[in-house]
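Colleague: The structure's right below; bear with me while I get my questions together.
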Amino acid sequence: MIHYDSRTDVFHLSNELVSYGFFLYRGLYPVHLYWGDRLSSIIPEHLYTPLIRSFSAYMGKDDFEFSLDFLPREFACFGHPDLRIPALEVLYPDGSSISNLTYKGHKILEGKPELQGLPATYVEKKEEASTLCLILRDDVWGLQVELLYTIYAKRRVITRSARYINRGKEPFYLKRALSMSIDFKESDFDGIHLPGSWGRERMIERSSLSQGLQVVESRRGASSHQHNPFFALADKDATEDYGRVFGFSLVYSGNFAACTEVDQYSNTRFTMGINPLDFSWRLSPGETFQTPEVVMVYSPEGLGDMSRTFHTLYRQRLCRGTYRDKERPVLLNNWEATYFDFDESSLLEIAEQASKVGVELFVLDDGWFGRRNDDGSSLGDWYVNQDKLPGGLAKLADSVKEKGLRFGLWFEPEMVSPDSDLYRKHPDWCIHVPHRARYESRRQLVLDIGRQEVREYIMSRMIRILDEVPVSYIKWDMNRHITESGSAGLPADRQRETSHRYMLGLYAMLEELTSRYPDILFESCSGGGGRFDPGLLYYMPQVWTSDNSDAVSRLKIQYGTSLVYPLITMGAHVSAVPNHQVGRWTPLTTRGHVAMSGNLGYELDLSQCSSRELACIQEQIAFYKKVRPLVQFGDFYRLCNPFEDNQAAWMMVSPDKKETLVFWCQMMAQANAAVRKIRLKGLDPSCQYCDELQNISYAGDELLNYGLLIPPVHKDFISRIWHFRAVS
Ligand code: DGJ
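Quick note: the sequence shown, position 290, residue 290 per the numbering used here, numbers continuous.
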């Protein structure tokens, strides 16, 4: 899949679907030539025109064509003629920061190497991918940069990352150490990204690029609610099913930056990686710094195809462990049912009802430890609260098991409450800066898990509990962003390493726990979906999508999330009405339908539900169990966009196209409304499909070309589903 032509100095990465190519300009500088549908050959003379540009410094005496300032580069560093946004900036011992990286060699490997200490996509067999390691060096201070490119077979996926190595004699500081850069010789793109906020995560934004720099970033110590480590460049006329889209997704859970710069000549440079703001890394002789990976997806068929490519890759070759290919349990979480106000008997009452309606897993959320009766104390004191649970967790878990349910438990391991025994004993274990205030958020501070002793303590407490209590699920929460970033464990010149060391510490803890307890299902959470990123999916194959459990809000949240992440990763719960976050009343059927478009769960007090509600919930769960493989492992197609319309619709199709579940929801009812028609996608036109819920048959070609008719419904927040099976 990777071919190097020594005659033309061209590197061509290709499979039957895509090509990616660059060549060595003057045998020295990697120059980008092509990324898109497969080409049989890459010929530099056809894909690159030598130019002379005024006002650009050139690199040989009167050699006006030779300037990095306008070459489409494969990896950009600053200063030596190129004045566009760089991927790299180093502070060298003489105070300079110019690097001149030139080609020194390359290696082509079968398969895909692991990235040390970092999550990344992987292969199970070497034949699944090939990797190019392109070696560049700056001889002045001995900086070596190794660019890693992996191309997967049979997928439109290329991954990139960089390794920075000090081959010199003196330490220097990486100030900006991004994972990749790429230059497109065009700028007629829309940029698409997923901004948001708590309770409003991953809202889709699309706008056209213009000359200058656009940055999508997190500076919050977490990938964040506010932005997601994803950016796409799409043809201006690209739609859900048409046009070129180039998607970039960073496998990282901390501060990140995705920078898009359109230059004076209408070229577009895109770079992505760890946010350079508040970052610096001292690299001593012989040391290596590995950057996180960027997963790059090319789609010639619009956003839908881009999403499905991300979905299958992330489901099959990012998520790991026992649960990667297993159906996920229907759970009941007590958070919105009780908040902190529970005891053993109230929990067991809910569990009793849960088991009757078909729930499979009971999750005990926040409030079971220390003296935690509100959010003001006890994070870090991972000892059971004997007042609430006098028999301890093991007794509660056993009673839950006796009711036929598995037992799950909430932790927030990365945090400490100032009002906790842990903080009183180790006030320097939190992230802080001497002589500066430690401002609280949700009355808590962040533990400095970049430090080994801090990690070891927290891990020892968790392991103690997990060895004693039959826990089969963990909700791993994180409810505060990092401010006053600094570490008591680092010298002054390494303080700016704190945030990345925090991430490495978090990944190390998760690696240890998930290998030690391979049968525990982990769900990550950060005030809902504040860390819905590929980095955490590597360890925890599902995420609590948002603290906003309102079905109507969830239409946009889940639709936006699906741009990158598969449904099997999205926790979606039915909660009580009026909804606790927005106060809206929605029908129980709509709440069920929306939550079924993910990992179905319930988050309400079932012991307070009427018998009619319980019967409806029981039916929902029974139906969900029937369609669960389709939802969790099927192909996902978006049909109507709730960001542009008063309705949302989507569908899941089984890989053999024999079964599909279609979902539609109307937001506000309208007087004298039009009849709606939704055209289905992904089906076999030659099959006959029967809707098992209404017992009506349709031809596949009719569903694809004409669609389903939906007469006006005079009710707000009404939803419908269709469950089709091929009958011939
Ligand atoms: C924030 C989470 O998103 C909620 O689901 C819940 O677990 C609370 N934390 C508990 O404090």
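Ideal Cβ placement from N, Cα and C applies to all residues, glycine included.
1. For Thr312, I'd like the list of residues in its chain whose CB is within less than 6 Å of its CB, leaving aside the five on either flank, ordered along the chain.
2. Does the separation of the CB atoms of Glu497 and Trp281 fall below 9 Å?
3. Would you be able to state if there are at least three C-beta pairs under 8 Å between the stretch 482 to 492 and the stretch 530 to 548?
4. Buried or exposed: which applies to His432, given that a residue is buried once 16 or more other Cβ atoms fall within 10 Å of its Cβ?
5. Short of 6 Å in beta carbon distance, which residues of its chain neighbour Asp305, apart from the five on each side in sequence? Order them along the chain.
6. Identify every residue that forms a DSSP beta bridge with Ile718.
7. For the stretch 673 to 688 and the stretch 558 to 567, state whether three or more C-beta atom pairs, one from each stretch, are separated by less than 8 Å.
8. From the DSSP secondary-structure annotation, give me the bridge partner or partners of Val653.
9. Quick check on the DSSP output: what are the complete alpha helix (DSSP H) runs of length 4 or more inside the stretch 250 to 296, in order along the chain?
10. Buried or exposed: which applies to Pro72, given that a residue is buried once 16 or more other Cβ atoms fall within 10 Å of its Cβ?
11. Answer yes or no: do Phe717 and Thr569 have a C-beta to C-beta separation smaller than 9 Å?
12. Do Asn801 and the ligand DGJ come close, with the Cβ less than 8 Å from some heavy atom?
13. Grouping DSSP H, G and I as helix and E and B as strand, with all else coil, what is Pro733?
14. Please name the residue in Phe23, Tyr689, Asp419, Arg206 whose C-alpha comes closest to that of Lys236.
15. Excluding the 5 residues flanking Phe248 on each side, which residues of the same chain have their C-beta closer than 6 Å to its C-beta?
16. Cβ of Cys430 within 8 Å of any heavy atom in the ligand DGJ?
17. Taking the runs of the alpha helix (DSSP H) that are 4 residues or longer, which of them lie wholly in the stretch 450 to 531?
18. Can you give the beta carbon distance from Val631 to Met667, rounded, assuming they're within the 8 Å contact cut?
19. Report the residue ranges of all alpha helix (DSSP H) runs contained in full by the stretch 342 to 429; include only those spanning at least 4 residues, in chain order.
20. Between Thr121 and Leu318, how many whole angstroms is the CB-CB distance? I'm expecting something under 8 Å.
21. Please confirm whether any heavy atom of the ligand DGJ lies closer than 8 Å to the CB of Asp716.
22. Look at Leu749 and Ile463 and say whether their C-beta atoms are less than 9 Å apart.
23. In its own chain, which residues sit with a C-beta less than 6 Å from the C-beta of Asp366, not counting the 5 before and 5 after it?
24. If I measure Cβ to Cβ from Leu233 and keep anything under 6 Å in the same chain, skipping five residues before and after, which residues do I get?
25. Does the ligand DGJ have even one heavy atom less than 8 Å from the beta-carbon of Glu440?
26. Give a single yes or no on whether Lys388 has its beta carbon closer than 8 Å to a heavy atom of the ligand DGJ.
27. Sorted by chain position, which residues of the same chain lie with C-beta nearer than 6 Å to Leu39's C-beta, five sequence neighbours on each side aside?
28. Using DSSP's beta-bridge definition, name the partner residues of Gln144.
29. Report the CB separation of Gln211 from Val262 in whole angstroms; it is logged as a contact under 8 Å.
30. Could you check where the alpha helix (DSSP H) with Trp335 kicks off and where it finishes?
31. In the DSSP assignment, find the beta strand (DSSP E) that holds Gln542 and state where it starts and stops.
32. Would you call Pro655 buried or exposed, if buried means 16 or more other Cβ atoms sit within 10 Å of its Cβ?
33. Quick check on the burial criterion: 16 or more other C-beta atoms within 10 angstroms. Buried or exposed for Val747?
34. Ignore the nearest five residues each way along the sequence and tell me which others in Asp138's own chain have a CB closer than 7 Å to its CB.
35. Any idea if Pro390 is buried or exposed, counting beta-carbon neighbours within 10 angstroms, 16 or more meaning buried?
36. Does the distance from the C-beta atom of Gly370 to that of Gly380 stay below 9 Å?
Modeller: Let me lay it out:
1. On the sequence shown, position 312 is the one that residue 312 refers to. Here the set comprises nothing.
2. Start at 1 with the first residue of the sequence shown, and residue 497 comes out as number 497. Start at 1 with the first residue of the sequence shown, and residue 281 comes out as number 281. Yes, they are a contact pair.
3. No, the stretch 530 to 548 does not touch the stretch 482 to 492.
4. Stepping through the sequence shown from its first residue, residue 432 is reached at position 432. Classified as buried, His432 has 16 or more neighbouring CB atoms from the shown chains inside 10 Å of its CB.
5. Sequence index remark: in the sequence shown, residue 305 carries index 305 (1-based). Excluding positions up to five away in sequence, the list reads Ser299.
6. On the sequence shown, position 718 is the one that residue 718 refers to. Per DSSP, Gln666.
7. These segments do not touch.
8. Here residue 653 refers to the residue found at position 653 of the sequence shown. Looking at the DSSP assignment, Val653 forms a beta bridge with Asp635, Thr660.
9. Those alpha helix (DSSP H) runs which fall completely within the stretch 250 to 296 and span 4+ residues do not exist here.
10. By 1-based counting over the sequence shown, the position of residue 72 is 72. Here Pro72 is buried, its C-beta having at least 16 other C-beta atoms within 10 Å.
11. What you label residue 717 is simply residue 717 of the sequence shown in a count that begins at 1. What you label residue 569 is simply residue 569 of the sequence shown in a count that begins at 1. No, the pair does not count as a contact, with Cβ atoms beyond the cut-off.
12. The requested residue 801 does not occur in the structure, where the chain is confined to residues 1 to 728.
13. The question about residue 733 has no answer, for the chain in this structure spans 1 to 728.
14. Here the question's residue 236 lines up with position 236 in the sequence shown. Nearest to Lys236 by alpha-carbon distance, out of Phe23, Tyr689, Asp419, Arg206, is Arg206.
15. The residue you call residue 248 lines up with position 248 of the sequence shown. Short of 6 Å from the beta carbon of Phe248, and not among the five residues preceding or following it, lie these beta carbons of its own chain, in chain order: Phe231, Met272, Val294, Met296.
16. Translated into positions along the sequence shown, residue 430 becomes position 430. Incorrect: Cys430 has no Cβ contact closer than 8 Å to the ligand DGJ.
17. Listed in chain order, they are 452 to 468, 498 to 516.
18. Counted from its first residue, the sequence shown places residue 631 at position 631. Counted from its first residue, the sequence shown places residue 667 at position 667. Cβ atoms of Val631 and Met667 stay farther apart than 8 Å, at about 22 Å.
19. Entirely contained in the stretch 342 to 429, the alpha helix (DSSP H) runs reaching 4 residues are, in chain order, 344 to 357, 392 to 402, 421 to 425.
20. In the sequence shown, residue 121 corresponds to position 121, counting from 1. In the sequence shown, residue 318 corresponds to position 318, counting from 1. Rounded, the Cβ-Cβ distance is 5 Å, consistent with contact.
21. Looking up residue 716 in the sequence shown gives position 716. Flag unset: Cβ of Asp716 not near the ligand DGJ.
22. Nothing in the structure corresponds to residue 749, since the chain is present only between 1 and 728.
23. What you label residue 366 is simply residue 366 of the sequence shown in a count that begins at 1. Shown here for Asp366: same chain residues with a beta carbon closer than 6 Å to its own, the five before and five after excluded, namely Trp410 in chain order.
24. Taking the sequence shown and counting its residues from 1, the one referred to as residue 233 is at position 233. So the list reads Phe189, Phe246, once near-sequence residues are dropped.
25. Taking the sequence shown and counting its residues from 1, one reaches residue 440 at position 440. Within the chosen limit of 8 Å, the ligand DGJ does not reach the beta carbon of Glu440 with any heavy atom.
26. Here residue 388 refers to the residue found at position 388 of the sequence shown. Not under cutoff, so the answer is no.
27. By one-based count along the sequence shown, residue 39 stands at place 39. When the five nearest sequence neighbours on each side are left out, the beta carbons in the same chain lying within less than 6 Å of the beta carbon of Leu39 are those of Ser19, in order along the chain.
28. Translated into positions along the sequence shown, residue 144 becomes position 144. Under the DSSP definition of a beta bridge, Gln144 partners with Arg137, Ile165.
29. Residue numbering aside, residue 211 sits at position 211 when the sequence shown is read from its first letter. Residue numbering aside, residue 262 sits at position 262 when the sequence shown is read from its first letter. Confirmed, Cβ separation roughly 5 Å.
30. Against the sequence shown, residue 335 aligns to sequence position 335. Counting along the chain, the alpha helix (DSSP H) containing Trp335 begins and ends at 335 to 338.
31. For the purposes of this step, residue 542 is taken as residue 542 along the sequence shown, with counting starting at 1. Start and end: 542 to 544.
32. Here residue 655 refers to the residue found at position 655 when the sequence shown is read from its first residue. Residue burial annotation: Pro655 is exposed, with fewer than 16 other C-beta atoms found within 10 angstroms of its C-beta.
33. In this structure the chain extends from 1 to 728, so residue 747 is not present and cannot be described.
34. For the purposes of this step, residue 138 is identified with residue 138 of the sequence shown, where counting begins at 1. Hits under 7 Å: Ser99, Asn100, Leu101.
35. For the purposes of this step, residue 390 is identified with residue 390 of the sequence shown, where counting begins at 1. By the 10 Å Cβ count, Pro390 comes out exposed.
36. By 1-based counting over the sequence shown, the position of residue 370 is 370. By 1-based counting over the sequence shown, the position of residue 380 is 380. Yes, Cβ-Cβ distance for Gly370 and Gly380 is below 9 Å.
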